[in-house]
Every structure is written in C-alpha cells, then in structure tokens.
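In mature numbering (1 follows the signal peptide of the UniProt record, and there is no 0), the protein residues as written are -29 to -1, 1 to 119.
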Amino acid sequence: MKSFALLFFIYVQIRIISIFCKIVENSESEDCKNVMNFFNKYEQQVGHKLKIPNCCDNSRHTHYINCENGYITVIDIRMSNFNEQIDFSEFPLLPNLRKLVFEGPLFKDGILPTRFFDIPKLEDLEIMSSNIRSIPNNINKKCPLKEL
C-alpha cells in the first residue's frame, strides 16, 4: 500500500511540474519574446510604460494575448485613453496569429500599418475607436484577411 501511495505521489508531482513547465514555456515562447520586445522597445523610446497584457494568459476576454502550443493566435489590445502613437512598421510577423484587435488612437500618423497585412495567417483585423484616417494602397494582396 505504501508503494502505491508513493507512486501516486510521484505521478501527481510529475503532472504538476509538466503543467508548470508548459505555462512557463508558453509565456517565454519566441512569439511572446518578439511581441514583448516590440512593446518594450516602444516604451524605452517614449519613456513610459504601456499596459500590455501578459502573454499566453488565455483566461481574459478583453485586453489579452492568447496562445496555442506556444504560438500567439490572438492579440486584443485596448487602450482607448492612450495619447501616444505607435509605429507598427516593425511589428513581429507572428506565424500563427489569426486575430488582431486594437482599440484606441494608437497608430502613427493615423495610417493603418501595412505590416499587419504581411502576417501570414491573419484572418480578422479589428480596429475600434482609432485615429486611422487612411489605408495605404500598397497592402499585401495575398493576405488571408477575411474581416476588416
């Protein structure tokens, strides 16, 4: 009986460690590093912090970054009271990003970034309460975008 209890205890410990490692792996994935580096670089340039959500926190329904198997699939950034403008020309081209949501006047010069149209699996681009005044003509026509 003691050996069964010991084996069960070891099994539970291994499961806990594997779950913890999966969480750490997702939050430190290459996608997460790239996105966080992008926003950290902006913060350094302007000198103040952005309220960017934790990467791979799939528990939120607004203002979040969701992941599947360590790859970012959805970014939902809502900053309606934001007074700065972000240059998205170097936004990371995330290989599995399907949905991108931005709320607020975030866009440099009021122009929708063409960079978003280079994201290979982007199907849904939602822009709300923004400062966008124009959409460039030179967007990638092969973008799989289904909804703008």
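The C-beta atom is built at its ideal place from N, Cα and C for all residues, glycine as well.
Given the structure is predicted, the values throughout are model-derived calculations rather than measurements.
Within a Cβ cutoff of 8 Å, which residues of the same chain sit near residue i, ignoring the five residues on either side of it in sequence?
i, result
"Ala107", "It should be pointed out that residue 107 corresponds to Pro in this sequence rather than to Ala. Excluding sequence neighbours, Pro107 sits near Ile82, Leu83 and Thr85."
"Glu118", "Glu94, Asp95, Leu96 and Glu97"
So residue i packs on residue j, CB below 8 Å; how close in whole Å?
i, j, result
"Val6", "Ile48", "Not a contact, Cβ separation roughly 10 Å."
"Ile110", "Val72", "Going by Cβ atoms, the distance from Ile110 to Val72 rounds to 18 Å, so no, they are not a contact pair."
"Pro63", "Phe10", "About 10 Å; that fails the 8 Å criterion."
Thinking C-alpha only, which one of the options is nearest residue i?
i, options, result
"Glu39", "Lys79, Met50, His32 and Cys27", "Cys27"
"Gly41", "Asp89, Lys4 and Ser105", "Lys4"
"Lys113", "Phe87, Lys22 and Asn52", "Phe87"
"Ser105", "Asp80, Asp2 and Ser60", "Asp80"
"Pro76", "Ser100, Leu64, Phe62 and Lys70", "Ser100"
"Glu55", "Phe78, Asn11, Phe62 and Phe10", "Phe78"
"Glu14", "Asp2, Ile57 and Asn52", "Ile57"
Which value, in whole angstroms, describes the spacing of the CA atoms of residue i and residue j?
i, j, result
"Ser(-1)", "His34", "19 Å"
"Leu116", "Met50", "23 Å"
"Pro91", "His19", "31 Å"
"Leu21", "Pro66", "24 Å"
"Gln16", "Asn29", "29 Å"
"Asn60", "Glu74", "Checking the sequence, you will find Ser at residue 60 rather than Asn. Whole-angstrom Cα-Cα distance: 18 Å."
Buried or exposed for residue i, please, with buried defined as at least 16 other CB atoms from any protein chain shown within 10 angstroms of its CB.
i, result
"Asn37", "buried"
"Asn(-4)", "In this prediction, Asn(-4) has a pLDDT of 47, which is less than 50 and means its spatial position is unreliable; what the coordinates show is noted afterwards. Burial call: buried."
"Leu68", "buried"
Counting only the same chain and skipping the five closest in sequence on each side, list residues whose C-beta sits under 7 Å from that of residue i.
i, result
"Arg31", "Pro24"
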